[in-house]
Structures are given as structure tokens and as C-alpha cells.
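Presented below is the structure to which this report refers.
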Amino acid sequence: MLFKRIGKVIAALLVVVAVLFVCFKAMGYIEQMKMSSIVNSEEAREVYEKDLKYIDKAAFTPNVVIQSYEISSFEKNPMGGIIVYLFVNDHKEYTVSVFLHKNDSDGKLVSGGGGWSPQLEQLIKEKNQ
Numbered sequence: 052m053l054f055k056r057i058g059k060v061i062a063a064l065l066v067v068v069a070v071l072f073v074c075f076k077a078m079g080y081i082e083q084m085k086m087s088s089i090v091n092s093e094e095a096r097e098v099y100e101k102d103l104k105y106i107d108k109a110a111f112t113p114n115v116v117i118q119s120y121e122i123s124s125f126e127k128n129p130m131g132g133i134i135v136y137l138f139v140n141d142h143k144e145y146t147v148s149v150f151l152h153k154n155d156s157d158g159k160l161v162s163g164g165g166g167w168s169p170q171l172e173q174l175i176k177e178k179n180q
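For the sequence shown, the tail end lands on 180 under our numbering, and the numbers increase by one without skipping.
Okay, here's the thing in C-alpha cells:
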């Protein structure tokens, strides 16, 4: 009798833990999908291109360093927003990171900073000399 009761309690606890685990995973998946839609939006692309033009003033024009970019990956920024990693010119060593977040005053996506790889910086310096 006691063993049946203990067995039922353990089974109930396992069910609760399993349900919580599934809910936690589902919430993570939903958050990842939401971030993906933000990162791939037209508004975000405008932010990336603005940051890339800051690095290379004539970006996306003929005979300059930055001709194209693609999104490599992204992750949630612990301080808020999303960190997006870009490959420049399909070259894995030429990387740019962009910190996306929403502007408090108007809700638009803006860049909160970022950085670029030393290899890309060196290439831009060589091209501009």
C-alpha cells in the first residue's frame, strides 16, 4: 500500500517535471523564432548597412572593400537586445558584430554598438592607403 502511494507520487512528480521541461523548451524555441524574424527583417538590414557604411564609407559601391554581407548567427544579449554576427564578402575572417535593440523613444531598431575583426580592419586600411 505504501509502495503504491510512493510510486504514484514519484510518477506525478516525473510528469510535472516533464511538462515543465517541454514548456521551457517550447518557450526557448518561440524566443529563437521571434529573434530570427527580427534579425532578418528589413528594418534590421537597414541597421546593418548603416553600421557597415560606418566602417567603410563607400560600402556596397564598386571597387571598395565591403561589397556584401550575410548573417552568420545571432544570440540574445544578456544586457538586452540581440547580438548579430555578420560575414563580409562571404569571407569567414571578415566579421562584424552588431548589437540590435529597440529605441526607447520610438520603438525602432537601432545599433547599440558592435565591432569588427582585425582582418577586416587591416583590409580596409590597406585599401584606403
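For glycine and all other residues, C-beta sits at the position ideal for the given N, C-alpha and C. Quick caveat, the model's predicted, so the values are computed rather than measured.
CB of residue i within 8 Å of CB of residue j, strictly
{"i": "residue 162", "j": "residue 101", "result": "yes"}
{"i": "residue 103", "j": "residue 145", "result": "no"}
{"i": "residue 123", "j": "residue 111", "result": "no"}
{"i": "residue 98", "j": "residue 107", "result": "no"}
Per-residue DSSP class, three states only, for residue i
{"i": "residue 117", "result": "coil"}
{"i": "residue 138", "result": "strand"}
{"i": "residue 132", "result": "coil"}
{"i": "residue 158", "result": "coil"}
{"i": "residue 92", "result": "coil"}
{"i": "residue 168", "result": "coil"}
{"i": "residue 150", "result": "strand"}
{"i": "residue 143", "result": "strand"}
Sequence-distant residues of its chain with Cβ nearer than 7 Å to residue i (five each side left out)
{"i": "residue 134", "result": "125, 126, 128, 148 and 150"}
{"i": "residue 136", "result": "123, 124, 125, 146 and 148"}
Residue i versus the options, residue with shortest Cα-Cα distance
{"i": "residue 160", "options": "136, 117, 132 and 67", "result": "132"}
{"i": "residue 113", "options": "65, 83, 140 and 93", "result": "140"}
{"i": "residue 154", "options": "95, 176 and 170", "result": "95"}
Local Cβ density within 10 Å of residue i, reported as buried at 16 or more and exposed below that
{"i": "residue 71", "result": "exposed"}
{"i": "residue 165", "result": "buried"}
{"i": "residue 117", "result": "buried"}
Beta-carbon contacts of residue i that lie in its chain and below 6 Å, excluding the five residues immediately before and after
{"i": "residue 53", "result": "none"}
is_contact[residue i, chain D] using C-beta, thresh 8 Å
{"i": "residue 169", "result": "No chain D appears in this structure, which consists of one protein chain only."}
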